[in-house]
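The structure appears below as structure tokens.
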Amino acid sequence: MTRTKLFIILLAASVFTNAHHAIAADTVPPMEQTQEQQMAPLSVRDAMEQLKVTEGAKEELTITSQDSDSGLSSSYNLKDDNWKLAFAYHVNSHPLTFSDVAGLDFAIGAKMWPRTWLIGYMETAKIRFKAMSEYNQWRDLNTSELENTYETAVLFGLGLSYETSYIQDFLGYEKMFETITASGSFIRIHESYKNENYTGPGIRADYGVHYRFSKAMHLGLKFSYNLFSTKRPEGFVDEPQSIRHLSISWTSVALDFAIYF
């Protein structure tokens, strides 16, 4: 047998062997995980990866709508939102004294990261003194005239807002989503009983549930918590700061409307 024929035979045998191994690898079923592997606890990394694919933790929210006439459905992704303007009307969160707070706020938001907004807001409100100052024991709260005065407040702030869609799974409405917002704020309030002005920093936290009834608008409700530490100017030289201090805290419920573009 010549060397050429021997080379051809060896080459053909090699090709046949490799092809047989490849076919066998494709036809062998994947090995099932053992019971120990299935019961092994997830690592933090694996748990976070699973969380990312759940409905409430998608990178961006998707809203689905259906035309009532044609029956055709369409969807749009909230990642296409870049800016929003929001308006809200606030009342006291206690249903029996809802008129103790009446406020109107305007907010503008810019999309910074997936599902995360930078929010700036300004609010003007009329607030009953008793509803916002229950922690100031040094005040003469026995005076009904003071308790029932309505003070004028102007506040503004800047914060971050995060969107989630867990409520879609809970209620089954694909057009609904939630927002959680935290803001650093500043307030100026005029106390009419003694004709004094108080200013100071504070915080505001909002939780909102919204219905995206069109691609460009939503309507919803939000719950707001406000907390401020204020003081007035000195009435005389070296007046103690404790006398000039006024802690302000109240909660409100608001009807919320926003436009996206």
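Each residue of the sequence shown is one higher than the one before, starting from 1 at the first, in this note's numbering. We put the beta carbon where it would ideally sit given N, CA and C, even for glycine.
(message) Which residues does DSSP list as the beta-bridge partners of Met122?
(response) Phe106 and Phe156
(message) According to DSSP, is Ala131 part of a helix, a strand, or is it coil?
(response) Three-state DSSP puts Ala131 in a helix.
(request) Take Ala216 as the anchor and find which of Val209, Ala258 and Ile189 has the nearest alpha-carbon. (result) Ala258
(message) Whole angstroms are fine: how far does the CA of Thr143 sit from the CA of Trp83?
(response) 47 Å
(request) Check the C-beta distance from Leu104 over to Tyr89 and give it rounded, since I have them as a contact under 8 Å. (result) 6 Å
(request) Tell me whether Val28 is buried or exposed, calling it buried when 16 or more other Cβ atoms sit within 10 Å of its Cβ. (result) For Val28, the pLDDT reaches just 46, beneath the cut-off of 50, and the residue's location in the model is therefore unreliable, leaving the point undetermined.
(request) Alpha carbon to alpha carbon, how far is Lys175 from His94? Give it in angstroms, no decimals. (result) Taking the CA atoms as reference points, His94 sits about 28 Å from Lys175.
(request) May I have a chain-ordered list of the beta strand (DSSP E) segments no shorter than 3 residues that lie completely inside the segment 150-208? (result) 150-164 and 176-191
(message) Relative to the C-alpha of Ala86, which candidate in Leu227, Glu123, Arg232 and Leu78 has its C-alpha closest?
(response) Glu123
(request) Use the C-beta contact count for Asn77: other C-beta atoms within 10 angstroms, 16 or more gives buried, fewer gives exposed. (result) exposed
(message) Any heavy atom of the ligand ZN inside 7 Å of the beta-carbon of Phe170?
(response) With respect to the ligand ZN, the structure shown offers nothing to examine, as it has no ligands at all.
(message) DSSP has Met112 in a bridge; who is on the other side?
(response) Met112 is not bridged to any residue.
(message) Once DSSP output is grouped into helix, strand and coil, what is the label at Phe228?
(response) strand
(request) Give the straight-line distance between the Cα atoms of Lys222 and Leu255, rounded to the nearest whole angstrom. (result) 7 Å
(message) Going by DSSP, what residue range makes up the alpha helix (DSSP H) through Ser252?
(response) It is not in any alpha helix (DSSP H) - Ser252 instead sits in the beta strand (DSSP E) that spans His245 to Tyr260.
(request) Figure out for me which residue from Ala125, Val91, Glu151 and Leu158 has the closest Cα to the Cα of Gly109. (result) Leu158
(message) Just verifying my parser: in three-state terms, what is the DSSP assignment at Ser93?
(response) coil
(message) Determine whether the beta carbon atoms of Thr230 and Thr199 lie at a separation below 8 Å.
(response) Between Thr230 and Thr199, the C-beta spacing is below 8 Å.
(message) Using C-beta distances below 6 Å, list every residue in its chain close to Thr251, excluding the 5 sequence neighbours before and after it, in chain order.
(response) Ser93 and Tyr225
(message) Checking 8 Å against the spacing of the C-beta atoms, do Glu163 and Arg115 come in under that value?
(response) yes
(message) Output needed for Glu151: all residues of its chain with C-beta closer than 7 Å, excluding positions within five of it in sequence on either side, in chain order.
(response) Ile127, Phe129, Ile189, His190, Glu191 and Ser192
(message) Given this structure, state the Cα-to-Cα distance separating Val101 from Phe213, to the nearest angstrom.
(response) 28 Å
(message) So, with DSSP's three-state summary, where would you put Ser214?
(response) coil
(message) Do Phe228 and Gly208 count as a contact pair if the criterion is CB distance below 8 Å?
(response) no
(request) Out of Gly184, Asn195 and Gly220, state which residue places its alpha-carbon closest to the alpha-carbon of Ala205. (result) Gly184
(request) Go ahead and pull the three-state DSSP assignment for Phe236. (result) In the structure shown, Phe236 falls within a coil segment according to DSSP collapsed to helix, strand and coil.
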